[in-house]
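Colleague: In the working numbering, the protein residues as written are 7 to 385. Here it is, the structure in full.
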Amino acid sequence: MFTLILPTYNEKENIKEFLPILESLFTKHKINYEIIVVDDDSPDLTWQFVQNYSIKNPRIRVIRRVTEKGLSSAVVTGMASSNGEILGIMDADMQHDESILPKMIELLRDFDLVIGSRRTVDGSYGEMNWYRRVLSYGATILAKIMLPIKTNDPMSGFFVLNKQVFEQSKDRINPRGYKILLELLAKNPKIKISELGYSFRKREHGETKLSGTVMQQYIIALIDLRFGSFISWTFIKYGITGFLGVFINLFGQFIFNTTSNSFQTLDSKNNFLFPSTAVAFGFELSVVFNFFLNNFWTFEDRSKKGFKNASAAFLKFNSISLIGFMIQYSSWFFLLQVFQFYFPHLFPELTTYIANLIGIIIATATNYKLNNSYTWAEK
Ligand code: GDD
Ligand code: MN
């Protein structure tokens, strides 16, 4: 059986026209099929339309998702509940040319995955905007540079595959953004692929959901697919937060010094009376700042909400920051002795910075480990 998966978001007008076209195409070519529409609770009630439609034709059904969103994850949901041994994915807005589907399915006898491509001899972008073409072209080039892929249209949302390919990689697929095909290709580098050209059609109803966020997610997905096993995005965000925190820290110290200055806290020699209080103030200010940024950005997927949860997390974060500070301070102190012993000729001005930098790195790494598994522990 052939399972066609149609992800939808506000496509009622399109799907109304498209389902009958698909039914007669499959009947004409004697293809044993089922159609799964995966709808993310569209406000235009696409799901309801398909629900009613499926009474007439039980080969068509709808999965209405209410807690999950996103094109790629919709495709994965559809694949996971498919009955066919052959799967097909295409847009529901009729921009993809369904008439090449029978040929694509036929090609699956010799290939594992066949892509409907806008970038082959028979393919074209049709009347697509010039800036969308540039974007698509740029994204394709980028993908080709970063990943060992052989297709000319890795951005295509139109492809058929043997279900085997999905089964092999299902637990390694990260369903981000739009790029489910790219994900499948990257996770299955050995499969045999082929492409078939078609000409991209104009959208008649509704509008595209491709947005700035989708493009940003795409770039992140690419880097992740390429280097995913080496870096953690959470750690990078944590590092950026910590880096910003350094400036907040210095700013806090500065503010404290200048304001306490106006309260006449200088001694007779014009020295600040409370230099260490200023340092402590800067430190605490940066702890507060870093906590909020980490809670709502770095660990956004595990963010602590509500006063009780957030303040408990804040206390943990604060203690870990203090531990981190002690680690940094003692590393610096220790390394300084070591450097002065082994490299007595190096400038002390230089060694103190190097020692401190290493201290900061050690402290950040331990801090991160602790916060990651304790303050924002995964449930
Ligand atoms: N369930 C679900 N959830 N479906 C979605 C979502 C979502 O969050 N976002 C988009 N869709 C559905 C749309 O309803 C449509 O059927 C299909 O996914 C494609 O979305 P469009 O918004 O029409 O994309 P496009 O035409 O701008 O983008 C085209 O080019 C891209 C790359 O250049 C499509 O061909 C994409 O498939 C392709 O990746
Ligand atoms: Mn479209």
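For each residue, glycine too, the CB sits at the ideal point set by N, CA and C.
Please report the residue range of the alpha helix (DSSP H) in which Leu356 lies.
Modeller: Pro354 to Leu376
Colleague: Check whether the Cβ atoms of Glu290 and Lys208 lie closer than 7 Å to each other.
Modeller: Contact: no.
Colleague: Got a sec, what are the start and stop residues for the beta strand (DSSP E) Pro13 sits in?
Modeller: First-last of the beta strand (DSSP E) with Pro13: Phe8 to Thr14.
Colleague: Name the one or two DSSP bridge partners that Leu167 has.
Modeller: Answer by DSSP bridge pairing, in chain order: Leu93 and Leu119.
Colleague: So, does the stretch 226-235 touch the stretch 113-127, judging by three or more C-beta pairs under 8 Å?
Modeller: no
Colleague: Is Leu77 near the ligand GDD, going by C-beta to nearest heavy atom under 6 Å?
Modeller: yes
Colleague: Would you report the Cα separation of Ala369 and Asn324, rounded to the nearest angstrom?
Modeller: Distance between the alpha carbons of Ala369 and Asn324 is about 14 Å.
Colleague: Quick check: what's the CA-CA separation for Pro64 versus Arg182?
Modeller: 31 Å
Colleague: Helix, strand or coil, according to DSSP, for Asp230 in the structure here?
Modeller: helix
Colleague: Tell me whether Asp99, by its Cβ, gets closer than 6 Å to a heavy atom of the ligand MN.
Modeller: yes
Colleague: Can the beta-carbon of Ile11 be found closer than 7 Å to that of Ile61?
Modeller: Taking C-beta atoms as the reference points, Ile11 and Ile61 fail to come closer than 7 Å.
Colleague: Relative to the C-alpha of Gln101, which candidate in Glu210, Val293 and Ser142 has its C-alpha closest?
Modeller: Glu210
Colleague: In whole angstroms, what is the alpha-carbon distance linking Leu141 and Leu216?
Modeller: One C-alpha to the other measures close to 11 Å.
Colleague: Below 8 Å on the Cβ atoms is my guess for Val403 versus Leu202; work out the distance and round it to an integer in Å.
Modeller: With the chain covering only 7 through 385, there is no way to say anything about residue 403.
Colleague: Is the beta carbon of Trp382 closer than 7 Å to that of Phe302?
Modeller: No, the Cβ-Cβ distance between Phe302 and Trp382 is not below 7 Å.
Colleague: When DSSP labels each residue in this structure, what does Asp103 get in the three-state scheme?
Modeller: coil
Colleague: Using a Cβ-Cβ cut-off of 6 Å (strictly less than) and excluding sequence neighbours within five positions of Leu113, which residues of its own chain qualify?
Modeller: Val120 and Ser200
Colleague: Would you call the stretch 76-90 and the stretch 144-160 in contact, with 3 or more CB pairs under 8 Å?
Modeller: no
Colleague: What's the gap between the Cα of Ser48 and the Cα of Ser30?
Modeller: 26 Å
Colleague: Indicate whether the contact test is met: 3 or more Cβ pairs, each with one atom in the stretch 355-367 and one in the stretch 312-320, closer than 8 Å.
Modeller: no
Colleague: Identify the continuous beta strand (DSSP E) that holds Leu202 and give its terminal residues.
Modeller: Run containing Leu202: Ile199 to Gly203, per the beta strand (DSSP E) assignment.
Colleague: Please report the residue range of the alpha helix (DSSP H) in which Glu189 lies.
Modeller: Ile186 to Lys193
Colleague: Spatial neighbours of Ser175 within its chain, please: CB distance less than 7 Å, with the 5 preceding and 5 following residues excluded, ordered by chain position.
Modeller: Leu190, Lys193 and Asn194
Colleague: Express the C-alpha separation of Leu376 and Glu384 in angstroms, rounding to a whole number.
Modeller: 12 Å
Colleague: Could you compute how far the alpha carbon of Ile69 sits from the alpha carbon of Lys18?
Modeller: 14 Å
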